[in-house]
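The structure appears right after this line, and notes come after that.
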Amino acid sequence: MKLTNLTTSFAVAAIGTLLTGVILVAENQWAVIGALLAAAALSIVLARLKIGMVLASVLNESSAWVALLIPLGGVIIGFALHEEDFVLMMLATVLIYGLACVGLTIQFGYAGVINFAGAAFFGIGGYTAALLGEWGIPSLLIIVAGGMVAAAIGCILILPVLRTKGHYAALITIAFGLLFRSFLEVNHTLGGPQGLKVEGASVAGHSLLDGIQLGSFQASFYLNYVLLALGVFTICFILARNLEKSWIGVNFDAVREDPIGASVFGVNVAYWRIMAFVIGNFVIGLAGAIFAMMQNFIAPSNFTFSDSLIMLSIIVLGGLGNLWAILPAAILVVVMPEKLQEIGEFRILVFAVLVVLVLRFRPSGLFPRALRKFRREVAQ
Amino acid sequence: MSHLFSARDVSVRFGGLQALDKLSLDVDEGTIIGLIGPNGSGKTTFFNALTGLCQTAGGQLLLDGTDITGLEPRHVYSRGVTRTFQRSRLCLSLSVFDNVVIGRQNSLDLNIVSNLLQRGRFNAAVRENHERVRALLATFSEMLAGRIFDPLHSLNMIDRRRIEVCRALVAEPRLLLLDEPSAGMTPDETHEFMDDILKVRSNNPRMSIIIIEHEMDLMRRVAERCIVLNYGRKVADGTFDAVVADPWVQEAYLGTS
Ligand SMILES: Nc1ncnc2c1ncn2[C@@H]1O[C@H](COP(=O)(O)OP(=O)(O)OP(=O)(O)O)[C@@H](O)[C@H]1O
Ligand SMILES: [Mg+2]
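Going down the list, the sequences are from chains A and B.
Here UniProt numbering is used: the first residue of the first sequence is 1, the next is one more, and so on.
Here UniProt numbering is used: the first residue of the second sequence is 1, the next is one more, and so on.
Right, here's the structure in full:
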């Protein structure tokens, strides 16, 4: 039983890695469309045969260590394509957006706290990295600081969000996102509309913005960021997975499903909403800091309302609350438009149609979240 | 002498509607009180006021002599009051276990660090709670105990009622409020269900119950005292036989005169 679960997980990881690799290197846009159609067909077949749900629960009920298949696949792709600047940049971007989506999953997927200002918290992490970069602080600390500043600013926003209900709370987060961008544009110490230069991350005095040169092995500097993002993504993924499989996860779900019913059973609804919002913004802030370091430069136009929507659409398309769905959906949403450059502005249209189709035919996403079962915990 | 719970002149208003009108009643430790009355007479509203779900317009709710009027629902829970809902309030997308275990809120370790990192300890807590929830479910139905990790939406209405009662019981409350727990069951099922609830109570004889039911046979069997509401006002209070003999009750509730 355990062995088959492990084999299944390996098989899923292998197929995922292969498909990701193919989509990433495909030059011809027909090849991209082909790969997408293959992925869509796969998703439909899996759903029809109910295999999708079985796979989701296998992954959900397996040990946290199964998550290490993600960095394994990532490292394989990264080293296989180590000279491809553009491909590695896309891969790193997928991981960074995926990381932000781990935060959004905690907020919206678990506790049901909607956040239309994801890009703003991402930006707060980025600007924190820009400002702290000048002081020679260790990069890892800067990344954590990005998360902490985003979480702290989120604390201010959560108060009006808690005081309003439903759509109004959503409107407040939208307003905050717009406000954040306008604030950046008029604020000259933060570079105004032109933005700021960001010091890249460095490890032991070696800047990650330099390419890798080890004997005869040469690699794009983006490989550094792929590895950095993979590491942070994996840690946050495992922690978020543990969070879901804990009493806190049970409380989050109860708060989302029926806050009144939960409150009658002693659940502190406001506290858990705040917690989810703060933890989520912390993770989004981490992602923003890494993004800024990799880009070497940030401007308000990186953190618009449509970027917030892109982040949300990743978690909704993938399957709300399913951590495993984040990367496939992020590949779809981040890589596809890049690959379909030639059809120009039509790609937005293609993207919009895709979202509508998924929501119409698979309302709980391409890879719906599995039911939480504590079988493994009980057996141990 | 002091009562476990007392309501003193409790009123609730919804706009122009007086849903509860100076209601006073006492509940002693270890007793079962039946609450009856026609539709819209304020029975559910009384439970809502008691559990902090709706505001009172006057009066006092006392638990152990301490005022709990206006407390938030979760604080009422912490003092040992749990309930079921007339229109069931369960989380359909979660498992049976998750739905029931939330009732143990106050004994769950909610520290973030220990939940995330001390997984060995967490697993032990899951085992303990699993055993507890499983045993409670088994009191009601062995079959249900075997479906502890099934999604709630896969259960039929009767099993859902059982889950709601289990969620309220697993907290080991001092005062249990049951709002038409047997709605939708046949008389036989109702009978069996009530027996199961009483079986659980026999382990915890100090627990008091207020039960709202339309099923008169059930009331006769379990309620040591009955309280009759009409238009938010208490119209009778006494043993079942005394209450049904009351001409006012015959007219107001049983519709005969
Ligand atoms: N939240 C509310 N807002 C406005 N009116 C309400 C509200 N809740 C209850 N009412 C009204 O208060 C009155 C009492 O309702 P309540 O639900 O307490 O009756 P009940 O005795 O439980 O009836 P039933 O046997 O039908 O369950 C009804 O007229 C109802 O319409
Ligand atoms: Mg009622």
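Ideal Cβ positions, reconstructed from N, Cα and C, are used throughout, including at glycine.
_Three-state secondary structure (DSSP) of A/L230_ = helix
*Taking only heavy atoms of ligand 2 into account, decide whether any of them is closer than 7 Å to the Cβ of B/T51.*
no
- [ ] Mind reading off the beta-carbon distance from B/V133 to B/V100? Whole number of angstroms is fine, and I expect it under 8 Å.
- [x] 5 Å
Original post:
Do we get a CB-CB distance below 8 Å when we pair A/G50 with the residues of chain B?
Top reply: The sequence shown places Lys at residue 50 of chain A, rather than the Gly named in the question. So no, A/K50 is outside the interface.
First and last residue of the alpha helix (DSSP H) that includes residue 385 of chain A?
Chain A is shown only over 1 to 380; residue 385 of chain A falls outside these bounds and no answer can be derived.
- Task: Could you please give the first and the last residue of the uninterrupted beta strand (DSSP E) stretch that includes B/F14?
- Result: 5 to 14
Beta-carbon neighbours of residue 259 of chain B, restricted to chain A and to distances below 9 Å: With chain B covering 1 to 257 only, the question about residue 259 of chain B has no answer from this structure.
Notebook entry, point to check: Is it right to say B/P247 is buried, meaning 16 or more other beta carbons lie within 10 angstroms of its own, or is it exposed?
Noted result: Taking all protein chains shown into account, B/P247 has fewer than 16 neighbouring C-beta atoms within 10 Å of its C-beta and is therefore exposed.
### Query
What three-state label does DSSP hand B/G40 in the structure shown?
coil
_Extent of the continuous alpha helix (DSSP H) run through B/Q105_ = B/Q105: not part of any alpha helix (DSSP H); DSSP gives it neither H nor E.
task = Could you tell me whether the Cβ of A/N242 comes closer than 8 Å to any Cβ of chain B?
result = Taking 8 Å as the threshold, the shortest C-beta distance from A/N242 to chain B falls below it.
- Could you list which residues in chain A have their beta carbon closer than 7 Å to that of B/Y77, in chain order? V264, F265, G266
> Mind checking if A/V161 is an interface residue toward chain B, Cβ cutoff 8 Å exclusive?
Replying inline: no
Check: Could you check where the alpha helix (DSSP H) with B/D159 kicks off and where it finishes?
Finding: 157 to 169
| If we cut at 8 Å on Cβ distances, does B/R119 have a partner in chain A? | B/R119 has a beta carbon lying within less than 8 Å of a beta carbon in chain A.
Under 8 Å, Cβ to Cβ, is there at least one residue of chain A near B/V27? no
If the cut is a Cβ gap below 7 Å, which residues of chain A does B/N123 touch?
-> E377, Q380
*Select from the segment 33 to 57 of chain B all residues with a C-beta closer than 9 Å to any C-beta belonging to chain A, and list them in chain order.*
T51, G52, L53
Please report the distance separating the alpha-carbon of A/I235 from that of A/L227. 12 Å
A/L366 to A/S263 span [Cα, whole Å]:
Each residue's Cα considered, the two are about 32 Å apart.
**Q.** Nearest-angstrom Cα separation, counted from A/Y127 out to A/E342
**A.** Their backbone Cα atoms lie some 32 Å apart in a straight line.
Checklist entry - For the segment 80 to 129 of chain A, which segments carrying the alpha helix (DSSP H) assignment without a break, of at least 4 residues, lie completely within its bounds, in sequence order? => result DSSP runs (the alpha helix (DSSP H)) wholly in the segment 80 to 129 of chain A: 85 to 104.
*Below-8 Å beta-carbon distance, A/R372 vs any chain B residue*: yes
In this structure, how does DSSP classify B/S24 when only helix, strand and coil are distinguished?
strand
**Report entry** For B/V81, the nearest candidate out of B/T139, B/V126, B/I212, B/L177 (CA to CA)
**Finding:** B/L177
Check your understanding: In the DSSP assignment, what residue or residues form a beta bridge with B/S208?
Key -> Beta-bridge partners assigned by DSSP to B/S208: B/L175.
Apply the 10 Å Cβ neighbour rule to A/V186 and answer buried if 16 or more other Cβ atoms are within range, or exposed otherwise.
exposed
Go through its chain and collect everything with a Cβ distance to residue 282 of chain B's Cβ below 6 Å, but skip five positions before and after it. The shown model of chain B, from 1 to 257, leaves out residue 282 of chain B, and the question about it has no answer.
(request) Could you work out which residues of chain B lie near A/V250, taking near to mean beta carbons separated by less than 7 Å? (result) D98, V101, I102
Check: Can you list the residues of chain A that B/D82 reaches, using a CB-CB cut of under 8 Å?
Finding: Checking the displayed sequence, the identity of residue 82 of chain B turns out to be Thr instead of Asp. Under the 8 Å cutoff, chain A gives V264, F265.
Let me know the secondary structure DSSP gives A/N268 once reduced to three states.
coil
**Message:** Alpha carbons only, please: which of A/A287, A/R273, A/G78 is nearest the one belonging to A/G112?
**Reply:** A/R273
Exercise for review: Kindly indicate the opening and closing residues of the beta strand (DSSP E) around B/K234.
Suggested key: 233 to 238
Practice prompt. Would you decide whether A/K50 is buried or exposed? Buried here means 16 or more other CB atoms lie within 10 Å of its CB.
Written response: exposed
- Query: Thinking C-beta only, is A/P193 closer than 8 Å to A/A299?
  - Reply: Between A/A299 and A/P193, the gap from beta carbon to beta carbon is short of 8 Å.
Among B/I32, B/S154, B/G103, B/E29, the one whose alpha carbon lies nearest that of B/S95
B/S154
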